[in-house]
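Chains as they are written, first to last, in the numbering used here: chain A, 1099 to 1451; chain B, 5 to 385. Cβ atoms here follow ideal geometry from the backbone N, Cα and C, with glycine treated the same way. Computed from a predicted structure; not experimentally measured.
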Amino acid sequence: MAGTSDIAIVGFAQTKSVRAAADGEVQLLVPTVAEALERANLDRREVGFTCAGSCDYLTGGPFAFVQNLEAAGAWPPISESHVEMDGAWALYEAWVRLQHGDIDTALVFGSGKSSPSKPHEVWAQQLDPYFLAPLGVDPVTLAGLQARMLLDAGKATELDFAEVAARSRRAAQDNPNAQVSGDFDVDALLKEPYVRAPLRRHDLPPISDGAVAVVLARGDKARQLAERPAWIRGIDHRIEVHQPGMRDLTTSSSTTLAARKAGYDGGPIDVAELSATFSPQEVILREALGLPAGTNVNPSGGALAANPVMATGLIRIVEVAQRIADGDVNRGLAHATGGQVLQHNMVCVMEGE
Amino acid sequence: MAERCAVVGVGQTHHKKTRDDKSIPGLLREAAQRALDDAEMTYADIDALVIGKAPDAFEGIVQPELFLADALGAAGKPMLRVHTAGSVGGSTFVVGAHLVESRIHERVLAISWEKQSEGNAQWGLAGGRSRGIGAGGAFAPWIRAYIEQTGAPEYIGWQVAVKDRLNALKNPYAHLRIPDITIEKVKESAMLWDPLRFLESCPSSDGACAVVLTDEAGGKKAAKPPAWVEATAVRSELGVFPGRNPVRPQAGVECAHDVYRQAGISVPRQEIDVAELYVPFSWYEPMWLEGHDIAGPGEGWKMVESGDTEITGSFPVNPSGGVLSSNPIGASGMLRFAEAALQVRGLAGEHQVDGARTALAQAYGGGAQYFAMGVLRSQPA
């Protein structure tokens, strides 16, 4: 496994995901970052490196990410960077930076407001501009094609999809930060009309605004800052080919590879938080990871309960870290995804001491 | 103790206003292939990729690195996409170096690009709104402040513009080629943002730049002389707040001192042989010379006036022609690091500074608030 295993999550905070936040993105981030630092007992001026994840396009404004420096408290000047990716990859960059050994803390955050835009229009521009975007392919359609392939391959049924959705939203009732929750009857769900066959409304993620922040620390510093740090024992990410016709959409080979590189090769694990933004993707990811049946998957409700794009993946990491910090679990796995139909995947394995 | 990192391959495109002969993947592969050829490697040798570019709205594609994965042989590999405004090419290099220095990967391809002809960069620079003042409009008041603070004569900017465009004639990849440029021509060109005239402002370019980064073992067995990455640093500060000094941003001062400290440099003016600094508008040359403590307060423009910053001078700045000659925004920062690497490898051809062994690379972005800097050497110190 690459990298040291003595870097831990010692603080975190997230907003409650909502359909449309009255606050702007910076306003969502400022208290979230402050809360994460406070939880980590760390003053912002002590932070060694800061990294943020966000998507300008989602905001509709080039350079929108610059405003988020306000949340980082970039005065006096800070050592800081930004990725145009989910905050989970900002965490990865901070984890890499901490390997050098010259600093021992890092601040990471991810944020996104999907409410001001029409997500299906924005994400339709996330495709090959020469061969795919001109076809008007939108993310729900692509996810629908993936679901169709899964059904045709005999790997899942529409009932399986509905059960993922129902279980997720039922679990979300215990998550104060979730947006969509409730007790849904699977048979009733299956009577609903298709949005993009074979996907029904319950198979799709909500449209969400949200933000999340994480504090990382290394070695003894982590032990000093947190009673029960969530140690990152392995973290890796892999990308696949973009053209959806050129890979098997019913599997997630990059998730399997990333998990193996992060030190998880299937088998018992206390909890798994997966960024399955469409219910069929949970079926794919469980198989790709080799999660045993009965594994506690997405107790937070996952992305079907709240999907603040650019924060969703980092929130999965936080949900695992939270459970480790609370002493509820000892070992967990978080998955983040980028692009569409699981093109880019990250796995992060965490443990209590 | 961090692993050493070496630049063993450098590649860039022929930068032009419009590269309508290549698609975006084609443009990137032009740079990447040159870098891989320089390193005598193939795509298969690369462990991880880091891609950098300025806002996606410049070309109208959301997160284009996702579709570029196919053209860059990224399948099965980790890929990161860095975005730090104008400094992005520099910070992309820095992130790539970190992946090697942390021993996570042994061979990293870092590539930055922009295909500005696909969109409207002026609109993009205005934050996607009309009636934007443009980057020059944002910087002009600070430039006027510098001139007032230092008493610099008005021709300093014109001198920098002429120097960089004549240097560009020695760089086969440079966009602007103005062999008959003179001080008079710059002085008579249209005023854009007082005091910046047309001929002392950067072009809008299509282009890409790629570097192959390896660990110490890779550097030692490289086909051609490597450039050793002796120092890298990034700093950011808020762009607007009462009491801010935008003429000499504190983040720029601290970033410079961080790389000097890492590289064991105490007198940069003497210990650095050549500098590639992000100068998109002429006056930023003296301003960065002072802003990074190479020259003392009010002394930067004197270095320009006396010819110190010419290729044959005592402190050559931008022998490649710099951003004033080629500006594919996403790539411009990496071009500074790439050109610095070429200098200390002795591979800068006609624009080689004789005996260059220590080079400084600098990129900045946003409201002069993001900085990415590095020191490269022919031999590790």
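Annotation for residue 291(B): the continuous alpha helix (DSSP H) segment containing it runs 288–295. Contact annotation, residue 96(B) with residue 86(B): C-beta distance approximately 5 Å; criterion of less than 8 Å satisfied. Per the coordinates, the alpha-carbon of residue 321(B) lies some 10 Å from the alpha-carbon of residue 344(B).
Closer than 8 Å to the CB of residue 102(B) there is at least one CB belonging to chain A.
Assigned with DSSP and collapsed to three states, residue 45(B) falls in coil, not helix or strand. Annotated three-state conformation of residue 201(B) is strand, per DSSP.
Within the model, the alpha-carbon separation for residue 42(B) versus residue 1332(A) is close to 34 Å. Taking 9 Å as the upper bound on Cβ-Cβ separation, chain A lies near residues 237, 238, 239, 240, 241, 242, 243 of the segment 223–243 of chain B. When the alpha-carbon of residue 1177(A) is set against those of 380(B), 373(B), 384(B), the nearest one is in 373(B).
At a cut-off of 8 Å, the C-beta of residue 48(B) has no neighbouring C-beta in chain A. Using a CB distance below 9 Å, the part of the segment 17–39 of chain B facing chain A consists of 27, 28, 29, ordered along the chain. When Cβ pairs closer than 8 Å are counted between the two stretches, the segment 1365–1378 of chain A is seen to touch the segment 1400–1414 of chain A, the count reaching three or more.
For chain B, the residues of the segment 1172–1190 of chain A that bring a beta carbon within less than 9 Å of one of its beta carbons are 1172, 1173, 1174, 1175, 1176, 1177, 1178, 1179, 1180, 1181, 1182, 1183, 1187, 1190, in chain order. Going by DSSP, residue 1431(A) is part of the beta strand (DSSP E) stretching over 1429–1436. Residue pairing by DSSP places residue 1110(A) opposite 1312(A) in a beta bridge. For residue 1162(A), the CB contacts under 6 Å within the same chain, skipping 5 residues up- and downstream, are 1154 in chain order. Listed in chain order, the non-local C-beta contacts of residue 1211(A) below 6 Å within the same chain comprise 1123, 1307, local neighbours out to five positions each way being set aside.
Closest in alpha carbon position to residue 1281(A), among 1267(A), 1256(A), 1141(A), is 1267(A). Just measuring C-alpha positions, the residue of 1363(A), 1179(A), 1416(A), 1413(A) sitting nearest residue 1390(A) is 1363(A). Contact between residue 177(B) and residue 19(B) holds: their C-beta atoms lie close to 6 Å from each other, under 8 Å. Considering only 71(B), 139(B), 117(B), the residue with the shortest C-alpha distance to residue 34(B) is 117(B). Here the alpha carbons of residue 361(B) and residue 383(B) stand approximately 8 Å from one another. DSSP places residue 19(B) in no alpha helix (DSSP H); its state is neither H nor E.
For residue 1168(A), the chain B residues whose Cβ falls inside 9 Å of its Cβ are 242, in order along the chain. Neighbours of residue 1313(A) across chain B, judged by C-beta separation under 9 Å, do not exist; the nearest C-beta is about 18 Å away.
Below the 8 Å Cβ cutoff, chain B contributes no neighbours of residue 1207(A), its closest Cβ being approximately 14 Å away. By the rule that beta-carbons nearer than 8 Å mark a contact, residue 1451(A) does not touch chain B. Taking the beta carbon of residue 1112(A) as reference, no residue of chain B falls within 9 Å; the closest one sits roughly 23 Å away. Contact between the segment 1140–1153 of chain A and the segment 1169–1189 of chain A is established, with three or more Cβ pairs separated by less than 8 Å. At least one beta carbon of chain A lies nearer than 8 Å to the beta carbon of residue 64(B). For secondary structure counted as the beta strand (DSSP E) over 3 or more consecutive residues, the segment 81–123 of chain B holds these complete runs in sequence order: 83–86, 111–119. In the DSSP assignment, residue 171(B) falls within the alpha helix (DSSP H) that extends over 159–172. Listed in chain order, the alpha helix (DSSP H) elements of length 4 or more contained wholly in the segment 1303–1371 of chain A are 1317–1323, 1351–1360. Along the segment 255–270 of chain B, the positions whose C-beta sits under 7 Å from a C-beta of chain A are 255, 258, read in chain order. Look at residue 1443(A) here: in three-state DSSP terms it is strand. For residue 260(B), the CB contacts under 7 Å within the same chain, skipping 5 residues up- and downstream, are 296, 297, 377 in chain order.
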